[in-house]
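Peer 1: First the structure, then my questions, so here it is.
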Amino acid sequence: MPVTVVVGAQWGDEGKAKVIDLLSKEHTYVVRYQGGHNAGHTVVVDGEKYALQLVPSGILYDHVIPVIANGVVVDLPTLFNEIDTLESRGISCAELKVSSRAHLIFPWHQAHDAIAEAMRGDDKIGTTLKGIGPAYADKARRVGVRVGDVLDPERFSTLVRERAVAENTLIEQAGGDPLDVDEIVATFGELGARVAPFVDDTVSLLHAALGRGAHVLLEGAQATFLDLDHGTYPYVTSSNPTAGGACVGTGIGPRDIDRIVGITKAYTTRVGAGPFPTELLDDDGDRLIDIGKEYGTVTGRRRRAGWLDCVMLRQAVRINSLSELALTKLDILDGFETIKICTGYRVGGRLLEHYPDRSDLLADVEPVYETLDGWGSALSEAREPGQLPDAAKQFIQVVEREVGIPVRVVGVGAERDDYLVWAS
Ligand code: GDP
Ligand code: IMO
Ligand code: MG
Numbered sequence: 000m001p002v003t004v005v006v007g008a009q010w011g012d013e014g015k016a017k018v019i020d021l022l023s024k025e026h027t028y029v030v031r032y033q034g035g036h037n038a039g040h041t042v043v044v045d046g047e048k049y050a051l052q053l054v055p056s057g058i059l060y061d062h063v064i065p066v067i068a069n070g071v072v073v074d075l076p077t078l079f080n081e082i083d084t085l086e087s088r089g090i091s092c093a094e095l096k097v098s099s100r101a102h103l104i105f106p107w108h109q110a111h112d113a114i115a116e117a118m119r120g121d122d123k124i125g126t127t128l129k130g131i132g133p134a135y136a137d138k139a140r141r142v143g144v145r146v147g148d149v150l151d152p153e154r155f156s157t158l159v160r161e162r163a164v165a166e167n168t169l170i171e172q173a174g175g176d177p178l179d180v181d182e183i184v185a186t187f188g189e190l191g192a193r194v195a196p197f198v199d200d201t202v203s204l205l206h207a208a209l210g211r212g213a214h215v216l217l218e219g220a221q222a223t224f225l226d227l228d229h230g231t232y233p234y235v236t237s238s239n240p241t242a243g244g245a246c247v248g249t250g251i252g253p254r255d256i257d258r259i260v261g262i263t264k265a266y267t268t269r270v271g272a273g274p275f276p277t278e279l280l281d282d283d284g285d286r287l288i289d290i291g292k293e294y295g296t297v298t299g300r301r302r303r304a305g306w307l308d309c310v311m312l313r314q315a316v317r318i319n320s321l322s323e324l325a326l327t328k329l330d331i332l333d334g335f336e337t338i339k340i341c342t343g344y345r346v347g348g349r350l351l352e353h354y355p356d357r358s359d360l361l362a363d364v365e366p367v368y369e370t371l372d373g374w375g376s377a378l379s380e381a382r383e384p385g386q387l388p389d390a391a392k393q394f395i396q397v398v399e400r401e402v403g404i405p406v407r408v409v410g411v412g413a414e415r416d417d418y419l420v421w422a423s
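For the sequence shown, this note's numbering assigns the number 423 to the last residue and increments by one with no breaks.
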């Protein structure tokens, strides 16, 4: 299996990082392909929690070469904060490669993110305010500054100054406070010099690695339903987390990919605004949030929670060509007497055949549920299917039946080893 993609099948925070950490054992390159420091990827090893935003989640293994590929938008202050924190905890980031084609995030992107959200008033998207949307917008407008630009410090400094001056005009027009141009030029001059040794043509690097038979793992951030094209627009992020985005974001073509793993929680969560058919606004929802510790890794925001939605997962299978699922956080359902799974959407008594293409339509659907018995015991010690209670096995089988692809891995706790292989 030379190239594997890991993609979120819901609205993010499915536990992608834990699965990537697990798959990293058999991969040499772990590559982030889109998004930026809006991601919060958590790996827990022996009680030590590592919260990663830009550095690929395979970093905890010595044999892994971590790569930030062309599709990512890179915030240099966050990157170096993360590297410093990891290094202070004994994790070397010396092998990190950052694509020369990746675009940089600057303080004006964050300013524009905040202004855009404020202007939306009650229609806020609830972005992470990290400047992700404005950075991708600049990329599409062809005015972005790329990582490779740091390699010519004089030109880089001129580019940053020109952009900062131009953006200040826009920020002031929108009623915002202008940024300190000299300070930005000086800070980014230093950060540019610091990132220079990590900069590489990651397309050539990855193809050379594939030519040698190396195994490459492509790490998605965000998720299918936050995808700019396939998500619940406009309540989405500004990149393509779906599997096609892995090709664009790395320069690895579709025929090189042979395994696409979709990650789903055993229930559903979402941070920020947007339609959420199976959302629970009752005690069950509060229980999922409390027991599942559903608070954002990046922003600390309380996530919204609801039952598992197999209509979403079926759509995720189609859009991403998922070959299998990893089902995480099954242990969070331990204490529920009954558990619901959404198997269809109804509108006006009629069952929908396709996933709605508009957020206003999705907001109006009525979920159709199948109710299952809970298992009433703790799953956290289970390490093989035979150790699962029958009701938990039944839950997994219903997911496989409804979604139509096998569940391969089941998560039963936050720790690195808290999982079992359901089918191999
Ligand atoms: P990501 O963004 O998809 O990588 O997911 P996050 O790291 O934002 O959120 C997932 C959270 O669930 C993290 O705190 C993980 O440590 C935790 N987690 C992952 N898998 C499991 C699991 O199977 N059971 C439990 N209890 N926690 C898990
Ligand atoms: P990981 O990789 C969950 C959400 C934000 C907001 C929308 C747009 O940890 O799964 P943005 O700042 O990207 O413009 O915000 O997307 N969002 C995430 N939600 N997990 C994430 O990443 C997210 N990254 C962005 O909450 O609704
Ligand atoms: Mg997350």
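Don't be surprised by glycine CBs; every beta carbon is placed ideally from N, CA and C.
If you're wondering where the values come from, they're calculated on a predicted model, not measured in any experiment.
For Gln-229, name the three-state secondary structure that DSSP assigns.
Peer 2: Residue 229 sits at position 230 when you count from the first residue of the sequence shown. Inspection of the sequence shows that residue 229 is occupied by His rather than by Gln. The DSSP-derived three-state label of His-229 is coil.
Peer 1: Take the Cβ of Glu-293 as the centre, count every other Cβ of all protein chains shown within 10 Å, and call the residue buried at 16 or more, exposed below.
Peer 2: Translated into the one-based positions of the sequence shown, residue 293 becomes position 294. Per the 10 Å Cβ criterion, buried.
Peer 1: Which whole-angstrom value describes the C-beta separation of Pro-405 and Glu-323, a residue pair presumed to lie in contact below a C-beta threshold of 8 angstroms?
Peer 2: Sequence index remark: in the sequence shown, residue 405 carries index 406 (1-based). Sequence index remark: in the sequence shown, residue 323 carries index 324 (1-based). Contact holds; Cβ gap of about 5 angstroms.
Peer 1: Just to confirm the assignment, what range does the beta strand (DSSP E) spanning Arg-303 have?
Peer 2: As a position in the sequence shown, residue 303 is number 304, starting the count at 1. Run containing Arg-303: 303-308, per the beta strand (DSSP E) assignment.
Peer 1: Residues in its own chain within less than 6 angstroms of Arg-302 by CB, not counting five upstream and five downstream?
Peer 2: Along the sequence shown, one-based indexing puts residue 302 at 303. Cβ contact annotation for Arg-302 (same chain, cutoff 6 angstroms, sequence separation greater than five): Thr-268, Val-270, Glu-293, in chain order.
Peer 1: Looking at Gly-11 and ligand 2, is the gap between the Cβ and the nearest heavy atom below 6 angstroms?
Peer 2: Along the sequence shown, read from residue 1 onward, the residue named residue 11 stands at position 12. Yes.
Peer 1: By alpha-carbon positions, which one of Arg-193, Gly-35, Ser-376, Thr-77 ends up nearest to Leu-150?
Peer 2: Mapped onto the sequence shown, residue 150 falls at position 151. Considering only alpha carbons, the answer is Arg-193.
Peer 1: Under 8 angstroms, with one C-beta from each stretch per pair, do the region 172-189 and the region 132-139 reach the 3-pair mark?
Peer 2: Between the region 172-189 and the region 132-139, the count of C-beta pairs closer than 8 angstroms stays below three; the two stretches do not touch.
Peer 1: Whose CA, out of Cys-92, Ala-391, Pro-152, lies closest to the CA of Ser-376?
Peer 2: As a first step, residue 376 must be located in the sequence shown, where it is residue number 377. Among Cys-92, Ala-391, Pro-152, the Cα nearest to that of Ser-376 belongs to Ala-391.
Peer 1: Report yes or no: do the region 211-221 and the region 100-109 share at least 3 C-beta pairs separated by less than 8 angstroms?
Peer 2: Counting Cβ pairs under 8 angstroms, fewer than three are found: no touch.
Peer 1: According to the Cβ coordinates, are Gly-373 and Thr-327 closer than 7 angstroms?
Peer 2: Here the question's residue 373 lines up with position 374 in the sequence shown. Here the question's residue 327 lines up with position 328 in the sequence shown. The answer is no: Cβ separation not under 7 angstroms.
Peer 1: Judging by CA-CA distance, which residue of Ala-113, Val-66, Thr-27 is the nearest neighbour of Phe-197?
Peer 2: The sequence position of residue 197 within the sequence shown is 198, counting from 1. The shortest C-alpha separation from Phe-197 is found at Val-66.
Peer 1: Measuring only the C-alpha atoms, how far is Gly-403 from Ala-315?
Peer 2: In the sequence shown, counting from the first residue as 1, residue 403 sits at position 404. In the sequence shown, counting from the first residue as 1, residue 315 sits at position 316. Approximately 11 angstroms, taken between the alpha carbons.
Peer 1: Let me know if Arg-426 comes out buried or exposed under the rule of 16 or more other beta-carbons within 10 Å of its beta-carbon.
Peer 2: The question about residue 426 has no answer here: the residues shown for the chain are numbered 0 through 423.
Peer 1: Check whether the Cβ atoms of Ala-208 and Val-260 sit closer than 7 angstroms, and answer yes or no.
Peer 2: Within the sequence shown, the letter at position 209 stands for residue 208. Within the sequence shown, the letter at position 261 stands for residue 260. It is not a contact, given that the beta carbons lie outside the stated cut-off.
Peer 1: What is the DSSP secondary structure of Ala-110, reduced to helix, strand or coil?
Peer 2: If you number the sequence shown from 1, residue 110 lands on position 111. Three-state result, Ala-110: helix.
Peer 1: Would you check whether ligand 3 has a heavy atom nearer than 6 angstroms to the C-beta of Thr-296?
Peer 2: The residue you call residue 296 lines up with position 297 of the sequence shown. At least one heavy atom of ligand 3 is nearer than 6 angstroms to the Cβ of Thr-296, so yes.
Peer 1: Is it buried or exposed for Met-311, if we count other Cβ within 10 angstroms and need 16 for buried?
Peer 2: Position 312 of the sequence shown, counting from 1, holds the residue named residue 311. By the neighbour-count rule (16 or more Cβ atoms within 10 Å), Met-311 is buried.
Peer 1: Just to confirm the assignment: which complete beta strand (DSSP E) runs, minimum length 3, are found wholly within the region 46-76?
Peer 2: 47-51, 64-67
Peer 1: Take Ala-457 and list the residues in its own chain whose beta-carbon comes closer than 6 angstroms to its own, dropping the five residues that flank it on each side.
Peer 2: This structure gives no information on residue 457, because the portion of the chain shown stretches from 0 to 423.
Peer 1: Determine the DSSP secondary structure at Glu-13, reduced to helix, strand or coil.
Peer 2: In the sequence shown, counting from the first residue as 1, residue 13 sits at position 14. Glu-13 falls in the coil class under three-state DSSP.
Peer 1: For the beta strand (DSSP E) that contains Thr-201, what are its first and last residues?
Peer 2: The sequence position of residue 201 within the sequence shown is 202, counting from 1. Not the beta strand (DSSP E): Thr-201 falls in the alpha helix (DSSP H), residues 201-210.
Peer 1: What would DSSP say about Thr-127, mapped onto helix, strand or coil?
Peer 2: Walking along the sequence shown from the start, residue 127 turns up at place 128. It is coil, neither helix nor strand.
Peer 1: Ser-56 and Val-42 - do their beta-carbons sit closer together than 7 angstroms?
Peer 2: Reading the sequence shown from its first residue, position 43 is the one you call residue 42. Reading the sequence shown from its first residue, position 57 is the one you call residue 56. Yes; because the gap between Cβ atoms is below 7 angstroms, this pair is in contact.
Peer 1: Kindly indicate the opening and closing residues of the beta strand (DSSP E) around Lys-339.
Peer 2: Taking the sequence shown and counting its residues from 1, one reaches residue 339 at position 340. Per DSSP, Lys-339 belongs to the beta strand (DSSP E) from 337-346.
Peer 1: Applying the criterion that 16 or more other CB atoms from any shown protein chain within 10 Å of the CB defines a buried residue, is Arg-254 buried or exposed?
Peer 2: Stepping through the sequence shown from its first residue, residue 254 is reached at position 255. Arg-254 should be labelled exposed.
Peer 1: Just how far apart, CA to CA, sit Ile-288 and Glu-401?
Peer 2: On the sequence shown, residue 288 is found 289 positions in, with the first residue counted as 1. On the sequence shown, residue 401 is found 402 positions in, with the first residue counted as 1. When rounded, the separation of the alpha-carbon atoms in Ile-288 and Glu-401 is 25 angstroms.
Peer 1: State yes or no: is the C-beta of Ser-263 within less than 7 angstroms of the C-beta of Cys-341?
Peer 2: For this step, residue 263 is matched to residue 264 along the sequence shown. For this step, residue 341 is matched to residue 342 along the sequence shown. Sequence check: residue 263 is Thr here, not Ser. Cβ atoms of Thr-263 and Cys-341: not closer than 7 angstroms.
Peer 1: Does the Cβ of Gly-70 lie closer than 6 angstroms to at least one heavy atom of ligand 3?
Peer 2: Residue 70 sits at position 71 when you count from the first residue of the sequence shown. Flag unset: Cβ of Gly-70 not near ligand 3.
Peer 1: Any heavy atom of ligand 1 closer than 6 angstroms to the CB of Gly-57?
Peer 2: In the sequence shown, counting from the first residue as 1, residue 57 sits at position 58. Not so, every heavy atom of ligand 1 lies at least 6 angstroms from the Cβ.
Peer 1: How do the region 411-423 and the region 340-360 stand: do at least 3 beta-carbon pairs fall below 8 angstroms, yes or no?
Peer 2: no
Peer 1: What's the gap between the Cα of Val-146 and the Cα of Val-73?
Peer 2: By 1-based counting over the sequence shown, the position of residue 146 is 147. By 1-based counting over the sequence shown, the position of residue 73 is 74. Those two C-alpha atoms are separated by around 8 angstroms.
Peer 1: Per DSSP, what kind of secondary structure is Asp-151 in: helix, strand or coil?
Peer 2: Locating residue 151 in the sequence shown gives position 152, counting from the first residue. Assignment of Asp-151 by DSSP, reduced to helix, strand and coil, places it in the coil class.
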